[in-house]
Amino acid sequence: MCGITGILQAGADARGLAPIDAMRDALTHRGPDDKGTWIDTDGGRVALGHRRLSVVDLSPAGAQPMVSEDGRYVLAFNGEIYNFRTLRETLHGHGHTFRGTSDTEVALAAFLEWGIEESLRRFEGMFAIALWDKRDQCLYLARDRFGEKPLYYGMDRGTFLFGSELKSLRPHPDFNPEIDRDALTILLRHSYIPAPHCIFAHYHKLPPGSYLCVTCDLRSHGPTSYWSLESLSTAPYTDLPEKEAVDELERLLSDSIRDKMVADVPVGAFLSGGVDSTLVVSLMRQYSEQPIRTFTIGFHNTKLNEAQEAGFTAKFLGTDHQQLYVSDRELLDIVPRIPRIYDEPFADPSQIPTTLVSQLARQQVTVALSGDGGDELFAGYNRYGDILRRWKRARYTPRGIRGLQAGYLQLKAKVRRRKRTKYLQQSLMKRSADDLRLYYRNMMSYWGDPEAIVLNGKEPATPFLRDTPEDAAADPWRWLPATDALCYLPDDIMTKVDRAAMSTSLETRAPFLDSRIAAYAFTLPPHYKFRDGTPKWLLRQLLYRYVPADVVERPKRGFGVPLDEWLRGPLREWGEELLDVDRLENQQFFSPGSIRQTWNDHVRGNTNSMWPLWCVLMFQAWLDDFFA
């Protein structure tokens with residue numbers, strides 16, 4: 018796991034490449050073990066920077082940027098190619114030789130042998146890639162299938178910049194920090210900014226499963242998709258007998274976990290006690306002679322604490338379990354650091370405990386496996402069953418009656434202000450019941466009309482609206498998880514985990530995020546995922562082969578914090594300062610009246626608006642930090 022950054026400029030100018038070291042070292046937290054820079058001395062147009070977290074091949078033979086054996090390609094690579102050993106054997110058979118044992122060297126040989134797109138299709142891993150082709154004078158950027166590793170890019174003032182995080186672009190004098198108000202509307206809608214959008218108007222996130230080519234005259238081609246998760250969600254169903262279905266899942270997940278445990282440094286796992294992480298740890302045991310090291314954060318608030326359940330699970334599995342109970346003060350101390358850790362405005366409050374559990378794990382391991390992705394691929398969120406019941410009921414209610422219901426809910430929002438946010442959301446859902454896309458988007462929204470909050474902001478389309486209403490309604494049990502896998506998974510879940518872990522120089526790996534597992538999951542009929550009111554039915558059947566049901570079948574509390582109470586108590590002064598009317602008016606990003614009314618109602622206890630307020634507060638805090 019590493020950090021990459023770079024510069025491509027239209028003309029030869031040594032001054033334009035000079036900031037590369039500062040850009041590179043802005044990513045030191047992503048790679049504290051080594052650093053490297055490559056500058057194109059022939060053309061004077063390209064510079065690549067790399068910070069290294071040594072995980073595979075700790076020797077200097079794994080140092081980057083790395084040049085291919087024939088001198089054509091220069092590669093700056095962030096991530097892991099899990100099937101690199103198999104690819105290495107194949108490439109060796111084609112006559113390629115290797116100096117070390119790193120996956121980076123295998124990637125370079127693959128590009129020489131198969132070209133860019135075919136190599137990306139063969140890679141099973143998580144990665145962000147910057148590849149300079151000396152012969153053709155073009156730069157390739159690529160990102161893994163599920164968006165586990167970040168990659169930003171953009172151009173202004175005749176300079177193309179890219180990097181693992183936005184902070185690596187800032188040291189360049191041609192970096193343009195103009196805020197994208199349209200992206201800000203999506204932040205208020207969903208609490209994250211989905212690819213390809215970025216908080217800065219001149220820059221983008223490279224979408225998962227795609228690559229981009231930029232020529233030496235700064236013309237870009239792409240992004241081009243080399244793999245499509247969406248296409249999996251339209252594949253025909255395969256209805257296997259139940260035992261065969263469980264056997265196949267066991268084979269695929271075991272193979273994925275085996276590959277993701279390959280490292281030359283200590284490996285452990287996050288353990289919450291839920292189905293996904295327990296299944297991962299259960300299968301990890303077959304590939305380790307020593308007890309698996311597992312890590313959990315505990316809270317003194319019993320409504321949020323899962324540490325007791327995780328500890329019970331760890332005891333049953335015989336892991337070397339580390340459990341840390343944290344106080345509210347320790348959680349609150351993370352808040353001022355969030356803008357710098359997350360680099361772009363991001364407002365999922367579970368970012369706080371995720372950062373703390375990453376710090377705990379990093380004390381003993383360099384790599385931690387997680388259960389992320391299981392919910393999206395195997396329909397694990399309880400909201401899927403709930404939303405489909407409510408949507409079908411609303412859909413078959415006559416429109417006139419739905420209109421009356423929506424109006425009544427708006428009236429209740431005025432009278433019962435404590436539940437104002439909930440009633441307004443339900444009112445929007447009633448009005449959009451003819452369209453599952455809008456219905457689900459409105460359910461997953463924090464501000465129902467963000468364009469009314471962001472001055473001069475126009476909300477762009479997201480994967481929620483990618484299909485027709487008829488397509489979404491035709492197979493809702495596949496459409497809903499696919500929507501989350503396209504949007505929520507890469508831009509919320511994986512963003513949260515990547516930034517939190519890399520802030521402590523910890524590499525995280527998600528065994529569920531394997532292209533073979535995804536292809537298998539989306540061909541499973543709905544009854545293998547949700548049966549008798551139980552989500553992730555097939556995952557549970559596999560888990561029961563290793564762990565009795567009563568070990569894991571407990572109500573899930575989630576990985577949250579008491580944000581509503583904090584905003585009325587210890588964070589109130591901080592919030593008041595960030596949402597000061599004069600400040601909001603001077604900044605000219607938000608409509609102050611709506612935000613102040615929402616804030617005042619919340620702190621007085623008239624309503625619980627912690628989610629929409631956190632979106633605004635995270636932008637405001639980020640604005641202060643990034644431009645400080």
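Per my numbering: the sequence shown = residues 18 to 645.
Note that the Cβ used here is the ideal one computed from N, Cα and C, for glycine as well.
Taking S271 as the centre and dropping the five residues before and after it, the same chain places the C-beta of L300 and Q303 closer than 8 Å to its C-beta, in chain order. W55 places its beta carbon 8 Å or farther from that of L70. DSSP lists R310 as the bridge partner or partners of D337. Taken in chain order, the complete alpha helix (DSSP H) segments of 4 or more residues contained in the stretch 530-580 are 532-539, 554-560 and 566-569. Shown here for L595: same chain residues with a beta carbon closer than 7 Å to its own, the five before and five after excluded, namely L634, Q637 and A638 in chain order.
In the DSSP assignment, E524 falls within the beta strand (DSSP E) that extends over E524 to R526.
Contact annotation: G465 and D199 have beta-carbon atoms that are not nearer than 8 Å.
Listed in chain order, the non-local C-beta contacts of Y456 below 8 Å within the same chain comprise I404, W408, A411, M446, S449 and A450, local neighbours out to five positions each way being set aside. Between the stretch 207-227 and the stretch 154-169 there are three or more inter-stretch CB-CB distances shorter than 8 Å, so the stretches are counted as touching. With 16 or more other Cβ atoms from the protein chains shown falling within 10 Å of its own Cβ, A212 counts as buried. Under the three-state reduction of DSSP output, A35 falls in the coil class, being neither helix nor strand.
Between the beta-carbon of G315 and that of L334 there is about 18 Å, and that puts the pair past the 8 Å contact cut. Look at K151 here: in three-state DSSP terms it is coil, with no helix or strand label. Taking a C-beta distance under 8 Å as the contact criterion, P507 and G164 qualify as a contact pair.
Counting C-beta pairs with one atom in each stretch, the stretch 381-399 and the stretch 507-519 have three or more that are closer than 8 Å, which means they touch. Here DSSP, grouped into helix, strand and coil, assigns Y505 to helix. Check the Cα spacing between R621 and each of L584, T372, S532 and L601: the tightest is with L584.
Between V84 and V91, the C-beta gap is smaller than 8 Å, which places the two residues in contact. In terms of Cβ geometry, D337 and R379 do not form a close pair [threshold 8 Å].
The beta carbon of I358 is closer than 6 Å to those of R516 and S520 in its chain, skipping five residues each way along the sequence. It is roughly 50 Å from the alpha-carbon of D30 to the alpha-carbon of A252.
The residues F287, T525 and A527, in chain order, have a CB closer than 6 Å to that of S387 in the same chain once the five nearest residues on each side in sequence are set aside. In this structure, the beta-carbon distance from F101 to V123 falls below 8 Å. For V384, the enclosing beta strand (DSSP E) starts and ends at V384 to L386. Counting along the chain, no beta strand (DSSP E) covers E122; the unbroken alpha helix (DSSP H) around it starts and ends at D120 to W131. Straight through space, the alpha carbons of C504 and T371 are spaced by roughly 20 Å. The straight-line gap separating the alpha-carbon atoms of A502 and T58 is approximately 42 Å. Within the DSSP secondary-structure output, H238 pairs in a beta bridge with C230.
The beta carbons of F144 and I98 sit closer together than 8 Å. For V231 and Q605, the gap between their C-alpha atoms comes out near 35 Å. Under the 8 Å Cβ criterion, the stretch 529-540 counts as touching the stretch 257-275, having at least three qualifying pairs. Secondary structure at I358: helix, using DSSP grouped into helix, strand and coil. L421 is not a Cβ neighbour of Y440, given a cutoff of 8 Å. Rounded to the nearest whole angstrom, the CA to CA distance from R139 to Y170 is 24 Å.
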